[in-house]
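Here is the structure we will look at, set down as structure tokens.
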Amino acid sequence: MGAASLFAASKRIVWRAQSSYPSGLPQLYAPAEHFASLVKELTDGQLVVKMHPGGAIVPSKEIFDAVSTGTLDIGCTWAGWWIGKFPASVLFGNSFPNGLQMQEMLAWIYTGGGLELWNEMYRGHGVVVLPPYGMLGSENFCWSRKPINSLSDFKGRKFRTVGIWE
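Residue numbers for the sequence shown follow the numbering used here, beginning at 30 and rising by one.
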């Protein structure tokens with residue numbers, strides 16, 4: 030039985046979804062739009078995921094709470110943003126140097142028990158992780174115009190960082 034026939038007698042359902050990323054960032058926003066189009070296609074238009082870019086409904090770093098409380102039905106985001114709630118979240122966001130590479134991360138999530146651990150971490154918050162179907166590699170620790178050879182070289186510098194480095 031195909032997915033379309035499961036929805037044949039149902040009325041059309043629309044889910045509100047938001048990405049953490051702006052629509053102008055194709056490597057991060059396009060997968061969310063692709064997911065929404067696949068859902069619509071596979072359900073013969075009976076389930077529509079209305080995807081919104083980052084900040085359209087809630088601030089990007091509030092997506093977890095928005096899904097947890099029902100403001101959003103789906104959030105397409107990065108696990109590392111939730112390090113304040115879940116310190117282990119960076120393990121699922123591929124956010125630290127010399128961590129797992131994309132293929133290794135996806136293999137661990139899909140076949141090594143990673144998805145089960147991820148969902149266990151979110152248990153009790155009304156959030157269920159859908160397995161990712163794309164991922165970027167781990168970030169470099171730091172890019173600098175001046176050499177950084179010791180801890181003292183960081184003094185007085187400002188730089189952007191996320192996840193485990195915040």
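Glycine residues also receive a C-beta, built at the ideal position from the N, C-alpha and C atoms.
Residue i versus the options, residue with shortest Cα-Cα distance
i, options, result
"I86", "G122, Q47, V78, W107", "Q47"
"P161", "R174, G155, W147, R41", "W147"
"G153", "T98, P82, D73", "T98"
"F93", "E70, V156, F121, Q56", "V156"
"R41", "T106, A136, G83, L76", "L76"
"T106", "K175, P176, Q56, V43", "Q56"
"E145", "S66, F121, L129", "F121"
"F115", "G141, E149, T100, L129", "E149"
Host beta strand (DSSP E) of residue i (start-end)
i, result
"S179", "S179 -> no beta strand (DSSP E), and no H or E assigned at all."
"S104", "For the sequence presented, residue 104 should be read as Gly rather than Ser. Element bounds for G104: 103 to 105."
"A46", "42 to 48"
Run of the alpha helix (DSSP H) containing residue i, from where it starts to where it stops
i, result
"H81", "It is not in any alpha helix (DSSP H) - H81 instead sits in the beta strand (DSSP E) that spans 76 to 81."
"I92", "92 to 98"
"P55", "55 to 71"
"I138", "131 to 140"
"L120", "Note, L120: premise wrong, no alpha helix (DSSP H); not H, not E."
"L144", "143 to 151"
Exposure of residue i, with buried meaning 16 or more beta-carbon neighbours within 10 Å
i, result
"E133", "exposed"
"Y151", "buried"
"L135", "buried"
"K187", "exposed"
"T72", "buried"
Sequence-distant residues of the same chain with beta carbon closer than 6 Å to residue i, five excluded per side
i, result
"M30", "Caution is warranted here: a pLDDT of 47 is assigned to M30, below 50, making its placement in the model unreliable, and no coordinate value can be reported."
"W137", "G143"
"A65", "V78, M80"
"K90", "W110"
"D182", "none"
"V158", "W147, N148"
Neighbourhood of residue i by C-beta, 8 Å cutoff - its chain only, sequence neighbours within 5 removed
i, result
"A61", "A46, S48, Y50, M80, C105"
"W44", "L76, V77, V78, K79, D102, I103"
Own chain partners of residue i with C-beta closer than 7 Å, once the 5 adjacent residues on each side are dropped
i, result
"W111", "F93, S118"
"Y58", "S48, Y50, P51, S52, P82"
"V68", "L76, V78"
"H63", "none"
7 Å Cβ cutoff, residue i in contact with chain D
i, result
"A108", "Here there is only one protein chain, and chain D is not present."
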